[in-house]
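K.L.:
In the UniProt record's numbering, the protein residues as written are 1 to 556.
(1) Using 8 Å as the threshold, is the C-beta distance between residue 381 and residue 528 below it?
(2) Taking the continuous beta strand (DSSP E) assigned at residue 455, which residues delimit it?
(3) Between which two residues does the beta strand (DSSP E) harbouring residue 229 extend?
(4) Alpha carbons only, please: which of 493, 348, 345, 411 is nearest the one belonging to residue 562?
(5) Taking residue 532 as the reference, which of 133, 85, 364, 414 has the closest Cα?
(6) Closer than 6 Å by C-beta to residue 193: which residues in its own chain qualify, once you throw out the five before and the five after it? Chain order, please.
(7) Helix, strand or coil: which one does DSSP assign to residue 398?
(8) For the beta strand (DSSP E) containing residue 342, list its first residue and its last residue.
(9) Report buried or exposed for residue 85, applying the criterion of at least 16 other Cβ atoms within 10 angstroms of its Cβ.
(10) Using CA atoms only, rank isn't needed, just tell me which of 226, 220, 185 is closest to residue 197.
(11) Taking DSSP as the reference, what is the three-state secondary structure of residue 534?
(12) Who pairs with residue 92 in a beta bridge, going by DSSP?
(13) Taking residue 132 as part of the beta strand (DSSP E), name the residues at either end of that continuous run.
(14) Have a look at 109, 283, 258, 133 and flag the residue whose alpha-carbon is nearest the alpha-carbon of residue 269.
(15) Express the C-alpha separation of residue 486 and residue 264 in angstroms, rounding to a whole number.
(16) Look at the alpha carbon of residue 488 and the alpha carbon of residue 495, and state the distance between them as a whole number of angstroms.
(17) Going straight from the alpha carbon of residue 261 to that of residue 141, what length do you get?
(18) Given a cut-off of 8 Å, decide if residue 189 and residue 437 are closer than it, judged by their beta-carbon atoms.
(19) Compute the Euclidean distance between the alpha carbons of residue 509 and residue 384, then round it to the nearest angstrom.
(20) Buried or exposed for residue 160, going by 16 or more other Cβ atoms inside 10 Å?
(21) Give me the residue from 441, 471, 461 with the minimum Cα distance to residue 452.
(22) Measure from the alpha carbon of residue 469 to the alpha carbon of each residue in 458, 233, 237, 523, then state which is nearest.
(23) Comparing alpha-carbon positions, which option in 136, 117, 105, 458 lies nearest residue 70?
(24) Can you tell me the Cα-Cα spacing of residue 107 and residue 92, whole angstroms?
(25) Can you pull the DSSP bridge partners for residue 293?
(26) Use the C-beta contact count for residue 461: other C-beta atoms within 10 angstroms, 16 or more gives buried, fewer gives exposed.
(27) Does the beta-carbon of residue 482 have 16 or more other beta-carbons within 10 angstroms, so that it is buried, or is it exposed?
(28) Give the DSSP-derived three-state secondary structure of residue 271 in the structure shown.
(29) Would you call the region 396–411 and the region 501–517 touching, i.e. three or more CB-CB distances under 8 Å?
(30) Out of 88, 138, 368, point me to the one whose CA is closest to residue 312's CA.
(31) List the DSSP bridge partners of residue 304.
(32) Please classify residue 266 as buried or exposed, where buried requires at least 16 other C-beta atoms within 10 Å of its C-beta.
(33) So residue 117 is in the beta strand (DSSP E); what residue range does that whole segment cover?
(34) According to DSSP, which residues form a beta bridge with residue 206?
(35) Find the nearest neighbour of residue 300 within the set 520, 217, 280, judged by alpha-carbon distance.
(36) Would you call residue 432 buried or exposed, if buried means 16 or more other Cβ atoms sit within 10 Å of its Cβ?
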């Protein structure tokens with residue numbers, strides 16, 4: 001997991017350099033302990049493999065200079081660089097972005113699986129050239145900013161290329177440059193399946209609520225481990241109330257994300273414990289300049305989804321841009337924002353959505369993932385203490401899914417161009433999105449669709465929530481109180497926030513009377529959120545749905 005400043009300046013050049021130095025000094029992630037009872041937390045066995053290719057790093061200056069002088073066509077220049085730098089290049093026909101009128105062709109460069117900005121033109125040749133220009137702009141800037149020596153005679157590759165058995169991830173800004181193969185593509189579904197099976201074996205009576213699974217996996221020098229997991233596919237029918245004790249959205253990725261937040265709070269308490277042994281076990285380190293915490297070097301976060309999330313990610317793969325059809329309009333409509341009402345998905349532009357009236361509405365899981373990749377998965381309250389948290393990879397473990405085109409468009413392309421308007425620390429972090437084997441056993445049947453299960457690294461018991469009323473079930477293994485308020489609810493998060501603020505001696509944060517007030521005090525986060533909403537609306541994707549303010553006006 002990497003928390004970063006915007007652009008190429010995150011954590012300064014020293015962090016980029018340190019990525020290639022020894023990592024043996026970091027403690028094993030699996031040694032984290034429960035701060036309340038000092039019991040060893042459950043987790044998988046971890047392994048490490050830290051081999052890094054030590055080939056010389058060189059910059060193909062001659063090729064770059066010829067392109068900059070205009071002596072080489074953009075497409076030719078990009079293919080030349082692909083040969084010199086040994087990366088895989090594909091010029092892929094795609095779709096126009098929302099708000100573009102008229103018929104245009106659209107292409108984008110895909111470099112080692114990373115999709116770059118879309119270029120458009122009235123002919124395919126023009127669109128392909130524009131796409132190559134956009135990719136070269138980013139690629140050359142990245143090469144030059146990395147300070148690679150201009151000695152092409154030393155031979156390729158000019159950027160670090162990992163050995164096939166390496167488990168250390170890239171820690172660049174998400175637009176990654178050269179990586180031959182994602183080193184954890186096979187590991188993630190394995191550790192998720194292991195944890196999911198372990199939980200289901202422990203609670204067979206709830207095996208029916210495992211139809212849709214989402215999990216956050218942390219890759220550290222010690223190995224690969226599940227830190228948060230959630231299941232579910234519904235949201236509540238209950239009306240918003242000023243108590244903060246109802247879960248309105250229990251879809252798998254939302255549940256997993258709130259479980260991740262609990263994991264982050266637990267590690268903040270370890271860091272601020274004033275106990276050196278506990279502090280060492282925390283995944284956090286502190287920036288002495290900003291005093292904000294970031295995750296220790298070489299810790300990256302990855303998201304596993306058992307199926308494509310609801311919303312724009314499920315755009316039909318057969319929809320292709322054709323100047324002689326209405327497919328461009330269809331695609332632009334389908335990649336707009338979507339809302340979920342009682343588990344059913346509606347385009348923000350559909351007449352059905354406009355008839356929802358007073359129903360409780362949530363943004364689709366796809367739209368929320370897109371938002372988190374800009375604002376961070378930590379949310380407003382945690383941003384008082386830590387830099388934004390982004391996932392480096394998203395893995396889709398659905399055997400019936402043939403491509404990730406809709407996910408790429410919905411999560412990455414819709415927010416292209418917003419970074420320059422965001423406040424410090426925030427950026428558009430483009431995760432690597434790919435298909436993997438399923439982590440859900442084939443005999444997992446979602447017979448309990450209204451139930452949602454949650455677990456976080458350090459939990460001794462799972463919690464089962466009835467998604468329709470937003471509370472724990474009577475027979476849930478974990479119950480926080482007789483009132484059955486979930487440990488994932490807003491009131492529980494506010495309680496953890498106050499505890500961390502006290503431990504961190506942040507007295508100014510303890511002056512917040514309500515949950516909403518504490519959120520609004522996170523000014524950079526709120527500014528980034530405002531920029532994102534305005535950008536989406538201006539680009540024609542629709543207006544973001546906000547919960548009624550009454551749901552945040554509560555205190556402890």
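Note that the Cβ used here is the ideal one computed from N, Cα and C, for glycine as well.
P.N.:
Checking against the coordinates, here is how it stands:
(1) What you label residue 381 is simply residue 381 of the chain shown in a count that begins at 1. What you label residue 528 is simply residue 528 of the chain shown in a count that begins at 1. No, Cβ-Cβ distance for residue 381 and residue 528 is not below 8 Å.
(2) For the purposes of this step, residue 455 is taken as the residue at position 455 of the chain shown. Element bounds for residue 455: 451–456.
(3) Position 229 of the chain shown holds residue 229. Residues 223–231.
(4) Any question about residue 562 goes unanswered here, given that the chain covers just 1 to 556.
(5) The residue labelled residue 532 in the question sits at position 532 within the chain shown. Nearest option by C-alpha distance: 414.
(6) Stepping through the chain shown from its first residue, residue 193 is reached at position 193. So the list reads 439, once near-sequence residues are dropped.
(7) In the chain shown, counting from the first residue as 1, residue 398 sits at position 398. Three-state DSSP puts residue 398 in coil, outside helix and strand.
(8) For this step, residue 342 is matched to residue 342 along the chain shown. Taken as a continuous stretch (DSSP letters only), residue 342 belongs to no beta strand (DSSP E), as it is neither H nor E.
(9) Numbered from 1 along the chain shown, position 85 holds the residue referred to as residue 85. Flag for residue 85 reads buried.
(10) Walking along the chain shown from the start, residue 197 turns up at place 197. When each option's Cα is compared against that of residue 197, the closest is 226.
(11) Here the question's residue 534 lines up with position 534 in the chain shown. The answer is helix: DSSP assigns residue 534 an H, G or I state.
(12) The residue you call residue 92 lines up with position 92 of the chain shown. 108.
(13) As a first step, residue 132 must be located in the chain shown, where it is residue number 132. First-last for residue 132: 124–145, but that is the alpha helix (DSSP H), not the beta strand (DSSP E).
(14) Position 269 of the chain shown, counting from 1, holds the residue named residue 269. Selected option, being the one with the closest Cα: 283.
(15) Sequence index remark: in the chain shown, residue 264 carries index 264 (1-based). Sequence index remark: in the chain shown, residue 486 carries index 486 (1-based). Going from the Cα of residue 264 to the Cα of residue 486 covers about 17 Å.
(16) Working through the chain shown from its first residue, we reach residue 488 at position 488. Working through the chain shown from its first residue, we reach residue 495 at position 495. If I take the Cα positions, the gap works out to 11 Å.
(17) Counting from one through the chain shown, the residue named residue 261 turns up at place 261. Counting from one through the chain shown, the residue named residue 141 turns up at place 141. Taking the straight line joining both Cα atoms gives about 34 Å.
(18) What you label residue 437 is simply residue 437 of the chain shown in a count that begins at 1. What you label residue 189 is simply residue 189 of the chain shown in a count that begins at 1. Against a cut-off of 8 Å, the Cβ pair of residue 189 and residue 437 comes out as a contact.
(19) Here the question's residue 509 lines up with position 509 in the chain shown. Here the question's residue 384 lines up with position 384 in the chain shown. In a straight line, the C-alpha of residue 509 is about 8 Å away from that of residue 384.
(20) For the purposes of this step, residue 160 is identified with residue 160 of the chain shown, where counting begins at 1. Here the model assigns residue 160 a pLDDT of 31, short of 50, so the residue's position is not dependable and the matter cannot be decided.
(21) By one-based count along the chain shown, residue 452 stands at place 452. The option with the nearest alpha carbon to residue 452 is 471.
(22) The residue given as residue 469 occupies position 469 in the chain shown. Ranking 458, 233, 237, 523 by Cα distance to residue 469 puts 237 first.
(23) Numbered from its first residue, the chain shown carries residue 70 at position 70. Cα-wise, what sits closest to residue 70 is 136.
(24) Position 107 of the chain shown, counting from 1, holds the residue named residue 107. Position 92 of the chain shown, counting from 1, holds the residue named residue 92. Cα to Cα, the separation comes out at about 5 Å.
(25) If you number the chain shown from 1, residue 293 lands on position 293. Answer by DSSP bridge pairing, in chain order: 286, 386.
(26) Indexing the chain shown from 1 puts residue 461 at position 461. That one is exposed.
(27) Taking the first residue of the chain shown as position 1, residue 482 is located at position 482. Residue 482 is exposed by the Cβ-count criterion.
(28) One-based indexing of the chain shown puts residue 271 at position 271. Of the three classes helix, strand and coil, the one that applies to residue 271 here is helix, per DSSP.
(29) no
(30) Residue numbering aside, residue 312 sits at position 312 when the chain shown is read from its first letter. The residue with the shortest Cα to Cα distance from residue 312 is 368.
(31) By 1-based counting over the chain shown, the position of residue 304 is 304. Paired residues: 215, 395.
(32) The residue given as residue 266 occupies position 266 in the chain shown. Burial call: buried.
(33) Within the chain shown, numbered from 1, the residue matching residue 117 stands at position 117. Counting along the chain, the beta strand (DSSP E) containing residue 117 begins and ends at 114–121.
(34) Mapped onto the chain shown, residue 206 falls at position 206. None, per the DSSP bridge assignment.
(35) Along the chain shown, one-based indexing puts residue 300 at 300. Comparing Cα positions, the closest option is 217.
(36) Position 432 of the chain shown, counting from 1, holds the residue named residue 432. Result: buried.
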